[in-house]
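Asks: Protein chains in written order, with the working numbering: chain P, 110 to 678; chain Y, 110 to 678.
All C-beta atoms in this analysis are idealised placements derived from N, C-alpha and C, irrespective of residue type, glycine included.
I have a structure I would like to understand better, so I am pasting it below and will then ask my questions one at a time.
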C-alpha cells in the first residue's frame, strides 16, 4: 500500500499540489494545484467531458457558486446539511462529535445526536487539545454563508456545497434546449465549498473542492439507456448492500438479478468504471459499494459508491444514485415554477385525469381582486404534486406566495382528450470528486524502487506527454531539440525541454512526474531524422522519425501503449 | 451598433447564457452559462492556455477562491477595495454614490468622497427608488466575507476578488518550479467574486465572474521578451494617456518612442491584441487605452486597457499593467517569507553590500531567550526591503511577529565576494475578463438581416463546429448522417445532428448559434461518399469526401476560412 505522506511529498516537490497559503501559516482544507496538478486536472476533466458530453450527449452548463437562500431551503441543505459539533468549554475549540467517538463505535457518523452524546459521556471524552469539558453536540451547518449586496437590499447567500442544484433549478431550460425529450442530461464541472470542522487526509476532505456532476433527467417508468446492451457483459466488482465481500458480476446480470435497480443506473456505474480504469485506477482495487438502506437518503431509490483502495484505505471517489423525483419536486414545490417534462403521446388519448377545480364563490370574498388570478393558478396545479391529504395549496401570484385553504378548491376527476401528460422527471446522478480522483490516480501510479520514484501515469492523464532532450548541448543537437519542442508546443502538445545534467538524471526527473515517453535528439538525428524514444516503464528504446512525433503525441494522450508504439512505427 | 438586449435575448433563447435563479426571482449579477456558452467559454480558455502556457511557457496553477484575511491585509484589498455607498434613510436601499452622480460630472468614479458628497448635495440628489433623503457616502468593502471553521478556531475568510493573489503568495514555488530563473510566468483561470452594490449591463459587471490572469515575474532591470522582435512591426490602435484619439502604431515604434514603457509590457499588449482578434473581435473596434497618471494605482509603472466598442460603448476587456514590485513586496513584508528571486552571477563578484547587523548587547536584555533567533532573523533581512527611515524591523520568529526597535541593529556596508543577489521581482500582469470577452465576441459576431440572425463566430470559438444533417430521414441517409455524427463525436469534435424540419430551417438554427459549416448527407453520398458542405457566411456549398471530415473539423477549430476549404479539398 502506498504511504500517503510519500505521495503528498512528491506532489508538493514536483508541483502537483500543496497546502495553500503556507506563507501565512496555511488554512486547513485548502490546497493549491501546481503546474503538473493543473495539467492533470485538465486532462481528467477533458476525458470526463469527452465521455459525458460528446459520447453520451449531456448538456454542459456552468452556474454560479453563490446562491440565494431559497435554493437551499428547497433542496433541504439549510436544514439538513449539518454536522454534530461539540465545543470545549475551556479552550473554546470545536470538534466533530463523530470524530471524538472514533474507536468507541464502528460507524460513529451514523449515530443520532443523543446516541453520540451518550457515547461521549459514557467514555468521559474530553477536549483532545486541552482536556477541558465538552458541550453537548449541536448541529452546525456546513455551508459557507455570506451577505449579498449592502443594506436593506442585502440578502443571505450561500456558497454551493455541490454543483447539482444549478442543474435542478435550470431543468426547464435544459429540457427545452434538449429538444423537449426525456431522458435529457446535464453536467457541470466546477468548485463547491463545505465548511468542514476538521479537514484532514490531504485532499480527501477539502473546504473548497472540484466536482464533476451529471444529472440525468429520466422518465420514472423508462429507466433504460440505448447503449446498455453493448456493455452488458463487462464485469465489475460489486459489493451489494449488506454483503461482506465484493463479487465480480457482469453489469447485465446485476440488472437482471435486481442487484442494481435499473438499466440506466447500471449504465452509469459502468461508465464510471470505464472512466476510472482508463485514468489508471487499478481495476482490482476498485469496487462499487451499494449503500445500505439506513445509509441512503430517505428519497433515494438506489445508490452506489465507486471506492478505490488507497493508502488511506477504501475511499469513495464517485457516487452514482437514483434520486427519484426528490430534487425536481422540491424546487417545483418551493418555487411554484412548472418544472415538469411534457410527455407528448404519438396521438391524442382519452384519459381520466384528476384536476384541481377552483370554487369561485369562495375565492371571491376571500381574495377579492386577486381571485381571478388565483383561480387560474389553482387550475394549473397538478394534483399529483400535492402531498396526500393536504389542507391548503400554495400558489404564486404576481411573485407573491398565497396559501389557498381547502374549502376554496376541490380535486375532481375529468375525462379529457389530451395530447400528452406532464411528468416530474426522476434524476440519476453520477457525482465525481475530482480532487479525490486525481489523488487516487497518483496513489495507484506511485512506484518506488529503493530511492527511485516512478509515477506510472497513463498517457491520458500525464501532465507532460513527451520529454524532449538533446543528447548534448552542442553540434546543433540542442537547436534541433528546441525546434521539436517548439513545434510540438505550437500544436498544443504538453512537452518539457530539458538539457540540464546527464541523460540519466533527466530521465529520472521525467519518471518522477509520470512522463510516459522521452525523446532524445542525438547524432543519428543529424543523419536520418530519427530520434530515440524511451519508454518510462520498461526503459526500452526505439527510434522514431521526427515527422511522426506530432501524431505520436496525440496517440500518447489516448493511452497508447509501448507495444503499440513498437508495432506502429 | 448591436443592441445589447438583442444579443442577450439570443443568448438566452439559444442557450449561451441567462440570468441565474430565475425560478426564485433571480439574483442580480449572477448568470448561468448554457450548453452553447459553456462550450464557447471552454474554447476561449483553451486558446488562451495555448498562447500563455504552451507558446509562452507560463506555469498554470489553481488556487482556492477562499482566502484568509492575512492575504488581503497584505494586498491592500481589505482597506482599499471599496466603493462609496449611500443609503436611503427612508426605504433603506443602498446605491453607489458615483452612479447617483452620473450626468453631474464627466467621471464621477474618479471623485473623492467629499467631492462626490458635495456634488450630490449641490444637485439635491435623492433616493432613485422612493425620493427619500440619502446618507453621506460611506466606504463599503466589495469582498464577500465568510467565517471559516466553527467556534474559537474559526477565522475570517474572504472570497478572492481576483485570481492574482494566489500567484503572488506562491511566488517561491513558481520560481523553484520554473528552474530558478527570471522571467518566470504563472497563469490562473478561475472564478472571482465582488459584492457589487448595483450590478448591471448583462455580464459586464457580475458578482461572480471568470478571469484569466497572467503574472510575469521579471527582473526590474531586464523587462524584455525573446519573441519581441518577431512581432515589432505589427500595428495596433493605441490611445496614449492624455490623447483624444487612437493612433495606429507599430508595437516596436511604441516602445522606441516610450509610448509603452518597456518591451515585455508591449509584447503582452500585442499578445492580447492577437488573442482578441483571433477570437473574432473586430480590429477596427479594438483599441488599447493607456491609463492616465491619476487613474493608475500609485505603485503602477504603466497600464493599458484593451477596449472593444460594443453596443454599450467602449468596454474594457483586458488590463495589461506593469505593477512594479508592489505585489511581491507587500506579501514579503506581511508574511516575513523570503519572496525574492536569487539572481546567480556567471561568476562570483566582489560587491559592497548593505546588511543589517544585530547589536547583541541590546537584543539580549530585551528579548532574553529569543535573542539568538531574532539576531539570526535580523541578519537575513535585506536593507533594500526596509522602508526609508524605518524605526523598527518586524521579523517572524517561531511563527510569532516581533518588532525590533532601531537601537538593536544597524545597517552597515560590507565588502563581500558573492555568487549572486536577491531580487524582489517586478510583475507584469495581463488580466482578462472572460465573461466580457465572451460577450464582446457575441456582440461583434451578431448580424441581423431583417428577421434572420446569423452569428458570425469564427471556428475557434464556435460552440458547434459542424452541423450534421440527412437530406431526408429515409433511404439510409439518416443512418449515414448518424454514423458521421457519432464518428466525429468520438473524436471529440463538437457537432450537432439535426433531422427536424426543412434543410432551410436547420441551416437557420445553426446560423443562429454560429456554426461555421453544415454538412448534408444526400443521395450522392450513397454513390460517391461525398457530402455537401455549406458555408455559413456566404451560403456557398462544396462537396467534401466523408473521410476528410475529421481533419476538416480540426482545421475549423483553427479558424479555417471557406477559401481555404475550397482550395484544400
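1. For a contact defined as C-beta to C-beta under 7 Å, what are the partners of residue 170 of chain Y on chain P?
2. Interface residues of chain Y around residue 683 of chain P at Cβ under 9 Å?
3. For residue 502 of chain P and chain Y, any beta-carbon pair shorter than 8 Å?
4. Just to confirm the assignment: which complete alpha helix (DSSP H) runs, minimum length 4, are found wholly within the region 460 to 548 of chain P?
5. Mapping the DSSP letters down to three states, classify residue 398 of chain P as helix, strand or coil.
6. At which residues does the alpha helix (DSSP H) containing residue 221 of chain Y begin and terminate?
7. Measuring only the C-alpha atoms, how far is residue 677 of chain Y from residue 341 of chain P?
8. Taking buried to mean at least 16 other C-beta atoms within 10 Å of its own C-beta, is residue 232 of chain Y buried or exposed?
9. Which residues in the same chain as residue 234 of chain P place their Cβ atom closer than 6 Å to its Cβ, once the five residues preceding and following it in sequence are excluded?
10. What does the Cβ neighbour count give for residue 332 of chain Y, buried or exposed, with the cut at 16 atoms within 10 Å?
11. Under a CB-based cut-off of 8 Å, is residue 291 of chain P close to chain Y?
12. Please state whether DSSP places residue 582 of chain P in a helix, a strand or coil.
13. Relative to chain Y, which residues along the region 153 to 180 of chain P have a C-beta separation below 7 Å, given in chain order?
14. Which residues of the region 304 to 329 of chain P have a Cβ closer than 7 Å to any Cβ of chain Y? Give them in chain order.
15. Quick check on the DSSP output: what are the complete beta strand (DSSP E) runs of length 3 or more inside the region 207 to 266 of chain P, in order along the chain?
16. Do residue 287 of chain Y and residue 171 of chain Y have their C-beta atoms closer together than 8 Å?
17. Can you confirm whether the region 610 to 621 of chain P touches the region 657 to 669 of chain P when touching is taken to mean that 3 or more C-beta pairs between the two stretches lie within less than 8 Å?
18. Taking only the alpha-carbon atoms, compute the straight-line gap between residue 459 of chain P and residue 526 of chain P and give it to the nearest angstrom.
19. For residue 255 of chain Y, decide whether its Cβ has a neighbour in chain P, counting only Cβ atoms nearer than 8 Å.
20. Is the beta carbon of residue 129 of chain Y closer than 8 Å to that of residue 335 of chain P?
21. Following the continuous alpha helix (DSSP H) through residue 157 of chain P, name the residue where it begins and the one where it ends.
22. Using the beta-carbon of each residue, which ones in chain P are nearer than 8 Å to residue 444 of chain Y?
23. Kindly confirm or deny that the region 582 to 590 of chain Y and the region 650 to 665 of chain P touch, where touching means at least three C-beta pairs closer than 8 Å.
24. Leaving aside the five residues before and after residue 569 of chain P along the sequence, list all residues of the same chain whose C-beta is less than 8 Å from its C-beta, in chain order.
25. In whole angstroms, what separates the C-alpha of residue 595 of chain P from that of residue 602 of chain P?
26. Between residue 599 of chain P and chain Y, is any beta-carbon pair separated by less than 8 Å?
27. From what residue to what residue does the beta strand (DSSP E) around residue 555 of chain P run?
28. If you reduce the DSSP assignment to three classes, tell me which class residue 619 of chain Y lands in.
29. Measure the C-alpha to C-alpha separation of residue 753 of chain Y and residue 304 of chain P and round it to an integer number of angstroms.
30. Helix, strand or coil for residue 644 of chain P, going by three-state DSSP, please let me know.
31. Just verifying my parser: in three-state terms, what is the DSSP assignment at residue 202 of chain P?
32. Just tell me which of P:550, P:655 and P:608 has its CA closest to the CA of residue 622 of chain P.
33. Drop a sphere of 10 angstroms on the beta-carbon of residue 216 of chain Y, count the other beta-carbons inside from all chains shown, and report buried for 16 or more, exposed for fewer.
34. If you measure beta-carbon to beta-carbon, which residues of the region 190 to 224 of chain Y are closer than 8 Å to chain P?
35. Just to confirm before moving on: does the CB-CB distance between residue 308 of chain Y and residue 316 of chain Y stay below 8 Å?
36. For residue 346 of chain Y, which of Y:439, Y:357, Y:421 and Y:560 has the nearest alpha-carbon?
Replies: Here's the rundown:
1. Position 61 of the second chain, counted from the first residue, corresponds to residue 170 of chain Y. Under the 7 Å cutoff, chain P gives 141, 142, 143, 144 and 147.
2. As displayed, chain P neither begins before 110 nor continues past 678, which places residue 683 of chain P out of reach and without an answer.
3. Translated into positions along the first chain, residue 502 of chain P becomes position 393. Chain Y contact via Cβ: absent.
4. As far as the region 460 to 548 of chain P is concerned, its whole alpha helix (DSSP H) runs of at least 4 residues are 469 to 476 and 480 to 489.
5. Looking up residue 398 of chain P in the first chain gives position 289. In the displayed model, residue 398 of chain P falls within a strand according to three-state DSSP.
6. Position 112 of the second chain holds residue 221 of chain Y. Counted as a single uninterrupted DSSP element, the stretch harbouring residue 221 of chain Y is not any alpha helix (DSSP H), since DSSP gives it neither H nor E.
7. Walking along the second chain from the start, residue 677 of chain Y turns up at place 568. Walking along the first chain from the start, residue 341 of chain P turns up at place 232. Going from the Cα of residue 677 of chain Y to the Cα of residue 341 of chain P covers about 44 Å.
8. Here residue 232 of chain Y corresponds to residue number 123 of the second chain, with the count starting at 1. Exposed.
9. Position 125 of the first chain, counting from 1, holds the residue named residue 234 of chain P. Counting only Cβ-Cβ distances below 6 Å, and skipping sequence neighbours, we find 209.
10. The residue labelled residue 332 of chain Y in the question sits at position 223 within the second chain. Result: buried.
11. In the first chain, counting from the first residue as 1, residue 291 of chain P sits at position 182. So, not an interface residue.
12. Here residue 582 of chain P corresponds to residue number 473 of the first chain, with the count starting at 1. Coil at residue 582 of chain P, not helix or strand.
13. 159, 163, 164, 168, 169, 170, 171, 172, 173, 174, 175, 176, 177, 179 and 180
14. Against chain Y - using a Cβ distance shorter than 7 Å - the residues of the region 304 to 329 of chain P are 304, 306, 316 and 317.
15. 247 to 250 and 254 to 257
16. Position 178 of the second chain, counting from 1, holds the residue named residue 287 of chain Y. Position 62 of the second chain, counting from 1, holds the residue named residue 171 of chain Y. Not a contact, by the Cβ cut-off of 8 Å.
17. These segments do not touch.
18. Against the first chain, residue 459 of chain P aligns to sequence position 350. Against the first chain, residue 526 of chain P aligns to sequence position 417. C-alpha separation (whole angstroms): 4 Å.
19. For this step, residue 255 of chain Y is matched to residue 146 along the second chain. Output row for residue 255 of chain Y: interface = yes.
20. Start at 1 with the first residue of the first chain, and residue 335 of chain P comes out as number 226. Start at 1 with the first residue of the second chain, and residue 129 of chain Y comes out as number 20. Taking 8 Å as the Cβ cut-off, residue 335 of chain P and residue 129 of chain Y do not qualify as a contacting pair.
21. In the first chain, counting from the first residue as 1, residue 157 of chain P sits at position 48. Its alpha helix (DSSP H) spans residues 144 to 158.
22. Taking the first residue of the second chain as position 1, residue 444 of chain Y is located at position 335. By Cβ distance, chain P contributes 132 and 133.
23. no
24. As a working note, residue 569 of chain P is residue 460 in the first chain. The residues are 152, 156, 387, 388, 389, 666, 667 and 668.
25. Start at 1 with the first residue of the first chain, and residue 595 of chain P comes out as number 486. Start at 1 with the first residue of the first chain, and residue 602 of chain P comes out as number 493. Straight-line Cα distance between these residues: approximately 10 Å.
26. Here residue 599 of chain P refers to the residue found at position 490 when the first chain is read from its first residue. In terms of beta-carbon proximity, residue 599 of chain P lines the interface with chain Y, with at least one pair separated by less than 8 Å.
27. Counting from one through the first chain, the residue named residue 555 of chain P turns up at place 446. Where residue 555 of chain P is concerned, the enclosing beta strand (DSSP E) stretches over 555 to 558.
28. Within the second chain, residue 619 of chain Y is the residue found at index 510, counting from 1. Residue state, collapsed to three classes: helix.
29. Residue 753 of chain Y falls outside the range modelled here, since chain Y spans only 110 to 678, and no answer is possible.
30. Counting from 1 along the first chain, the entry for residue 644 of chain P is found at position 535. The three-state secondary structure of residue 644 of chain P, taken from DSSP, is strand.
31. If you number the first chain from 1, residue 202 of chain P lands on position 93. Residue state, collapsed to three classes: coil.
32. Within the first chain, the letter at position 513 stands for residue 622 of chain P. Ranking P:550, P:655 and P:608 by Cα distance to residue 622 of chain P puts P:550 first.
33. Indexing the second chain from 1 puts residue 216 of chain Y at position 107. When all chains shown are included, residue 216 of chain Y counts as exposed.
34. 194, 196, 200, 201, 202 and 203
35. Start at 1 with the first residue of the second chain, and residue 308 of chain Y comes out as number 199. Start at 1 with the first residue of the second chain, and residue 316 of chain Y comes out as number 207. Yes.
36. Locating residue 346 of chain Y in the second chain gives position 237, counting from the first residue. Checking every option, the nearest Cα to that of residue 346 of chain Y belongs to Y:357.
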